[in-house]
Structure formats: C-alpha cells, structure tokens
Amino acid sequence: MQSWLPVPESASTLSGDVDALYFYIWGVTIFFTLLISVVVIFFVIRYRRRNPFEIPRPIEGSHKLETLWSVIPLLIAITFFVWGAKLYFAQYKPAQNAIEVYVVGKQWMWKFQHATGQREINELHVPVGRKVKLIMTTEDVIHDVFVPAFRIKADVVAGKYTTEWFEATKPGTYNFFCAEYCGMNHSGMRGYVVVMEPTEYENWLSGNAGQTSPAAAGRNLFESLGCISCHGANAEGGRGPALLGVYGSKVVLNNNSSVTADEGYIRESILNPQAKLVTGFGPIMPSFQGQISEEQLLDVVAYIKSLSTTKPEQATAKPAPSATPSTGAKPSATPK
Ligand code: CUA
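Using the working numbering, the letters of the sequence shown correspond one by one to residues 1 to 336.
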C-alpha cells in the first residue's frame with residue numbers, strides 16, 4: 001500500500017479486502033458529492049431569476065425520474081451491504097487450524113499466553129503466514145484489541161470470551177491499541193505484535209520454553225479445587241459429567257436442547273453451573289465465581305480442551321478419535 005493513501009500499513013490476509021471496500025465506498029461517496037454539487041451549481045445559474053416579474057412554469061413531476069433516482073441508489077447501497085457482509089463473514093468465521101493465544105486485558109495492560117506456556121505482557125510474538133486466534137477476556141472493565149495493520153478490532157468484555165483472528169502476511173512490528181476508553185491510562189494500554197519468520201518464531205518459542213502451559217496449570221487447579229472428585233477423567237463417581245472429549249462436542253441439556261461445548265460454555269459451567277445442566281445430572285455443583293481469576297479460568301478451560309481432540313467447528317463431524325490424554329500424560333499437549 002502506497003504511503004500517500006489515508007490508511008495504515010496493510011499486513012494481513014484480510015487487510016487488502018477491507019481497504020478495497022473502504023475505497024469503493026469512499027469513491028462512490030466522492031462521486032455523488034461532486035455530481036450533486038455540480039448539478040446544484042449548474043441549476044442555480046441556469047434557472048436563476050432573470051427579471052423581477054418572471055413567473056416560473058409549474059412542474060408536474062415525473063414518475064420515471066423518481067423511480068430512477070430511487071432504484072439506482074438502492075442498487076448501489078445493496079453492493080455495500082453484500083460486499084460488507086461477505087467480508088464480515090470471512091472475518092468472523094472461526095479460524096481453522098489456528099494458533100490459539102489467550103488474552104486477558106486489565107487496567108492497564110495486556111497479558112498474552114501461548115498454548116505452549118509462554119507468557120507475554122503488551123507484546124505478542126506470532127509467525128508469519130499462520131492463522132492466530134485470540135481468545136480474549138478482561139479482569140475488569142471493557143477493553144478492545146485493535147491492530148490497525150491487520151484491520152481487526154474486537155471488544156474484550158467481562159464475563160465472556162470474545163475471539164478474533166488474523167494471518168499476518170509480512171514480518172515486522174505492528175502497533176496494537178486498546179480501543180475502548182477504560183480509564184486514566186487507556187491511552188497507554190498498547191503494545192506490539194511482533195510477526196516473525198517461522199524459523200525465527202520457533203527459536204523464540206524454544207528460547208522462552210520451560211514455562212508451565214495453560215493446560216498443565218489448569219490440571220493443577222482442576223485437582224486443587226476438587227473438580228476431579230466429581231469430574232474424574234472417566235467420571236467413575238458419576239456425580240458430574242465426564243469431561244473427556246467434551247470440548248467441541250454437542251452436549252444434551254436437561255431441557256432437551258443441546259449446546260456445543262466451546263470455551264464460553266465451559267467458562268459458564270464453572271462460574272454458573274446451574275445455567276446449563278447436562279441431562280441426567282442434578283444441580284449439585286457449586287459456583288466457582290470469585291474463587292478463580294480470569295487467567296486461572298483460562299487455564300482450566302485450556303486443560304478441559306486438552307482432554308479432547310475435536311474443535312467446536314468440527315463438532316458434528318466425528319467423535320473424538322481415541323486420543324485420550326489421561327490426566328497426567330502430556331500436560332503440555334496443545335489442543336489440535
Ligand atoms: Cu483498555 Cu482502553
């Protein structure tokens with residue numbers, strides 16, 4: 001993208017498409033602004049009053065003309081809509097085979113955690129040419145992750161997970177900003193996405209290895225909070241649903257509806273267990289609201305995800321292949 005254009009650098013697979021739509025809308029707007037201005041000026045001169053006693057000819061109106069100037073703008077507006085909707089779906093369709101990064105915003109910093117355990121603050125290292133999916137929440141007020149060079153922006157809302165994804169197309173360092181006013185140091189709540197060549201990224205990962213993975217930390221919490229007594233790997237106790245293979249599967253609830261067990265569902269089931277009761281189980285689980293931080297919650301979610309090999313978007317495809325990481329086997333196993 002040339003620098004004279006009024007857009008930031010373009011560095012993701014979708015940023016070119018976003019710019020194209022932007023320039024299209026911009027072009028149409030400028031065209032009609034000029035057209036209408038010129039016509040107004042022309043009419044003012046052409047039909048000006050020439051002598052004080054002049055009486056204008058009455059105008060009857062024209063259905064043809066009115067139809068024409070209603071239908072043409074409608075068709076143009078529909079192109080905005082269709083193009084915009086297409087782009088929106090491309091942007092918000094869950095990314096397949098993405099590297100997952102957990103993001104927790106708090107006044108006034110960003111914490112990132114990679115599935116392999118590396119933790120970062122206000123800096124995110126990713127490889128070029130791979131989809132990266134951010135699973136985001138906040139410890140306090142609403143924040144917003146905005147990466148201009150990737151043309152992505154999404155609110156980070158307390159009490160739920162929001163996601164966004166990008167695929168960087170060239171190595172470099174790109175600004176990201178908090179784009180939701182969140183208090184005194186909002187303007188300082190910013191950082192960098194460092195996009196690296198794959199080999200460089202591998203080096204970075206191994207250079208920062210040795211940190212506990214979210215799934216391993218989650219397993220420790222799962223044991224220390226006593227979850228394991230009802231949700232043992234095979235749920236021998238039978239007091240709570242078995243969690244092996246639950247992530248990404250369809251769960252049947254006691255009102256006969258069903259939900260896909262994604263990150264949000266797991267989170268809700270920990271904080272508000274009675275909200276969606278699995279069929280055949282009583283409302284006996286206590287809430288863990290207030291006993292567990294957002295980061296710990298993400299760890300437990302990562303652990304439960306590691307007990308499964310399916311992804312929510314493939315939920316209906318097949319039951320989890322018999323990959324059964326027993327609770328102790330491979331704590332760092334990343335959910336694939
Ligand atoms: Cu966080 Cu503004």
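Glycine residues also receive a C-beta, built at the ideal position from the N, C-alpha and C atoms.
Just so you know, these numbers come straight off a predicted model, no measurement behind them.
- In this structure, ligand 1 has a non-hydrogen atom nearer than 7 Å to the beta-carbon of Met189.
- Nearest to Ser12 by alpha-carbon distance, out of Arg130, Gly183, Leu298, Val251, is Arg130.
- For Asn208 and Ala115, the gap between their C-alpha atoms comes out near 13 Å.
- Taken through DSSP and simplified to helix, strand or coil, Ser15 comes out as helix.
- Apart from sequence neighbours up to five positions away, the residues of its chain that approach Thr162 with a beta-carbon distance below 7 Å are Met136, Ala154, Asp155, Val156, ordered along the chain.
- Contact check between the segment 100–108 and the segment 57–70: fewer than three CB pairs, one atom from each, fall below 8 Å, which does not count as touching.
- Of all C-beta pairs linking the segment 240–250 to the segment 258–269, three or more are shorter than 8 Å, placing the two stretches in contact.
- Pro286 and Gly232 have their C-alpha atoms some 16 Å from each other.
- Secondary structure at Asp299: helix, using DSSP grouped into helix, strand and coil.
- With contacts defined as CB atoms closer than 8 Å, Ala179 and Asp144 qualify as a contacting pair.
- Phe112 and His125 have their C-alpha atoms spaced approximately 10 Å apart.
- Burial check for Gln291: the Cβ neighbour count within 10 Å stays below 16, so the residue is exposed.
- Annotated three-state conformation of Val132 is strand, per DSSP.
- Boundaries of the beta strand (DSSP E) harbouring Asn175: 172–178, taken from the DSSP string.
- Sorting Gly188, Lys133, Asn122 by C-alpha distance to the C-alpha of Thr173 places Asn122 at the top.
- Taking a 10 Å sphere around the C-beta of Asp140, we find fewer than 16 other C-beta atoms and assign the residue as exposed.
- Annotation: Gly105 is outside any alpha helix (DSSP H); the continuous beta strand (DSSP E) that includes it extends over 99–106.
- Ile45 and Arg190 have their alpha carbons spaced roughly 54 Å apart.
- Phe166 sits in a strand when the DSSP states are folded into three classes.
- As the crow flies, the alpha-carbon of Pro6 is around 14 Å from that of Tyr24.
- In this structure, the C-beta of Tyr192 stays at least 7 Å away from each heavy atom of ligand 1.
- When distances are taken from the beta-carbon of Cys230 to the heavy atoms of ligand 1, even the shortest one reaches 7 Å or more.
- Note on geometry: alpha-carbon atoms of Gly117 and Glu294 lie some 16 Å from one another.
- For Arg119, the enclosing beta strand (DSSP E) starts and ends at 119–121.
- The Cβ-Cβ distance between Gly240 and Phe281 falls below 8 Å.
- In this structure, Ala302 and Pro214 form a Cβ contact; the two beta carbons are roughly 4 Å apart against a cut-off of 8 Å.
- Ranked by Cα distance from Leu298, the options Phe32, Leu134, Pro171 are led by Leu134.
- Distance from Ser15 to Phe150 at the Cβ level is roughly 6 Å; contact confirmed, criterion being Cβ atoms closer than 8 Å.
- Contact between Leu271 and Phe288 holds: CB atoms are separated by about 6 Å, below the 8 Å threshold.
- Taking Pro148 as the centre and dropping the five residues before and after it, the same chain places the C-beta of Pro8 closer than 6 Å to its C-beta, in chain order.
- Per DSSP, Ile78 is not a residue of any beta strand (DSSP E); the alpha helix (DSSP H) it occupies stretches across 63–92.
- Under the DSSP assignment, Arg190 falls in the beta strand (DSSP E) whose first and last residues are 190–196.
- When the Cα atoms are used, Ala90 and Val193 turn out to be separated by approximately 22 Å.
- One alpha carbon belongs to Tyr47, the other to Ile36, and they sit about 16 Å apart.
- Distances from the CB of Glu139 to the heavy atoms of ligand 1 are all 7 Å or more.
- Taking every protein chain shown into account, the CB of Val195 has 16 or more other CB atoms within 10 angstroms, so this residue is buried.
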